[in-house]
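**Q**
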Amino acid sequence: MEQGLYPLKFLPLFKNKIWGGNKIRDILNVDYSPLPNCGELWTLSGLEGNESVISNGYLDECTLPEAIEMYADELVGQENYDRFSEDFPLLLKIIDANDNLSVQVHPNDKFAQKEGMPNGKNEMWYVLQADEEARIYDGFNRKITKTEVINRLNDRTFMEVLHEEKTNRGDVFFIPAGRIHAIGKGVLLAEIQQSSDLTYRIYDWDRSFQNVASRPLNIEQALQVMDLSMLNGSAKTAFHYHLNETNNILNTPFFTTNHIHLTQPLKKDYTDLDTFVLLFCIGGRAVIHSMGKKVSLQAAEVVMLPAVCTQTVIEPESMVEILEIFII
-6 MEQGLYPLKF LPLFKNKIWG GNKIRDILNV DYSPLPNCGE LWTLSGLEGN ESVISNGYLD
54 ECTLPEAIEM YADELVGQEN YDRFSEDFPL LLKIIDANDN LSVQVHPNDK FAQKEGMPNG
114 KNEMWYVLQA DEEARIYDGF NRKITKTEVI NRLNDRTFME VLHEEKTNRG DVFFIPAGRI
174 HAIGKGVLLA EIQQSSDLTY RIYDWDRSFQ NVASRPLNIE QALQVMDLSM LNGSAKTAFH
234 YHLNETNNIL NTPFFTTNHI HLTQPLKKDY TDLDTFVLLF CIGGRAVIHS MGKKVSLQAA
294 EVVMLPAVCT QTVIEPESMV EILEIFII
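Following our numbering, the numbering of the sequence shown begins with -6 at its first residue and continues without gaps.
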């Protein structure tokens, strides 16, 4: 007989990247030893081969897909279960760019499915920390044709036509499928995305890394999915900030994201939501009171509230900053 659901926590998945640094350890206080550095911390994933493992309660050591198989719509909501079955639709990460990431683009669902993948990738970034000269690259800075893109890749002037902007903590960027983009050196951010690892790399800064061959490019595929109409930094998203309230950041068909910054307890009523809710902590600490349980939450951790959860209290330990994420 199945036991009742409760707020779920997960073990982290660390990804060693040639461009990774030490900010996940030094700023977020997350130990990723024995890796020499850490480019990505996957806080929640259902991707095959990288499934998150539950770390609390009687489901301890179960993977996220196994929990969905057991509880179906009670965990993720009826519409989500009908749409995605046991494939969890989102992937949450922390990214530490100690060097520039490649310039890349992601396909939309239609193109990805033609390639035999379940979905493409639309993603959102919330900047957690940025060095003084850190940059985000998003879209082109003027109208451009595919022919010019190819010519500039060949003569190594491609970066001259990319839009770039300085970034700071609290900046939000929505990167839809088809938008050319790159995370610049010195940026630490939280990423919320569709559950996909499908990336087409178009430019890698003409670099090679010690003891690592130059990374392959996917120029042909990138040119097929690139939307040349996405210009001039329109990826940056403004939102209204109010302390101790729920502030909406982004509503898309792929996910909704809210920002919550608390110095006092906040009651949440999810009665009208038939979906899981993710509480992605990006700073501070809190205790989550929900479904008769108390669960701790700190920076770089996620608590997943099942769809059957209706009432929750977020109680900060002095201060907590959370991204609240769900699909409707």
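Beta carbons: idealized from backbone N, C-alpha and C, even for Gly.
Since the structure is predicted, the reported quantities are computational estimates derived from the model, not experimental observations.
With a 10 Å radius around its C-beta and 16 neighbouring C-beta atoms as the bar for buried, classify Y51 as buried or exposed.
**A** When all chains shown are included, Y51 counts as exposed.
**Q** Output the boundary residues of the beta strand (DSSP E) element that contains N251.
**A** Per DSSP, N251 belongs to the beta strand (DSSP E) from 249 to 255.
**Q** How long is the line joining the alpha carbons of L21 and L182, rounded to whole angstroms?
**A** Each residue's alpha carbon lies about 11 Å from the other.
**Q** Beta carbon of A279, beta carbon of L266: below 8 Å?
**A** Not closer than 8 Å, so no.
**Q** Pairs of beta-carbons, one from the segment 1 to 13 and one from the segment 26 to 45, closer than 8 Å: are there three or more?
**A** Yes, the segment 1 to 13 touches the segment 26 to 45.
**Q** Quick check: the Cα distance between F133 and P29, rounded to an integer number of angstroms?
**A** Rounded to the nearest angstrom, the two C-alpha atoms are 35 Å apart.
**Q** Give the straight-line distance between the Cα atoms of E108 and I168, rounded to the nearest whole angstrom.
**A** About 21 Å.
**Q** With a cut-off of 8 Å on the beta carbons, I'd call K139 and L216 a contact; round off their distance for me.
**A** Indeed they touch by this definition, with Cβ atoms about 6 Å apart.
**Q** Go ahead and label A343 buried or exposed: buried means 16 or more other beta carbons lie within 10 angstroms of its beta carbon, across all protein chains shown.
**A** Since the displayed the chain opens at -6 and closes at 321, residue 343 lies outside it and no answer follows.
**Q** Work out the CA separation of F269 and P299 for me, nearest whole Å.
**A** Taking the straight line from one Cα to the other gives about 5 Å.
**Q** Using beta-carbon positions only, say whether A127 and K86 come within less than 8 Å of one another.
**A** In this structure, K86 does not lie closer than 8 Å to A127 by Cβ.
**Q** Find out if the Cβ-Cβ distance for the pair A175, N115 is shorter than 8 Å.
**A** No, the Cβ-Cβ distance between A175 and N115 is not below 8 Å.
**Q** Taking just the CA atoms, how far does K8 sit from D190?
**A** One C-alpha to the other measures close to 13 Å.
**Q** May I ask which residues mark the beginning and end of the alpha helix (DSSP H) holding A60?
**A** Start and end: 57 to 64.
**Q** Run the CB neighbour count on L236, radius 10 Å, all protein chains shown included, and call it buried at 16 or more, exposed below.
**A** Burial call: exposed.
**Q** By Cβ distance, which residues of its chain are closer than 8 Å to Q257, with the 5 residues on each side in sequence left out?
**A** Once the five neighbours on either side are set aside, the close Cβ partners of Q257 are N237, P309.
**Q** In whole angstroms, what is the alpha-carbon distance linking L155 and R172?
**A** Using only the alpha carbons, I get a separation of about 11 Å.
**Q** Shortest alpha-carbon distance to Q97 belongs to which of F247, P209, V288?
**A** The residue with the shortest Cα to Cα distance from Q97 is P209.
**Q** Since I believe Q122 is in contact with R76 (beta carbons under 8 Å), could you give me their beta-carbon distance rounded to a whole number of angstroms?
**A** Going by Cβ atoms, the distance from R76 to Q122 rounds to 35 Å, so no, they are not a contact pair.
**Q** Going straight from the alpha carbon of L276 to that of T264, what length do you get?
**A** The sequence given here places Gly at residue 276; Leu does not occur at that position. Going by the C-alpha atoms only, they are around 27 Å apart.
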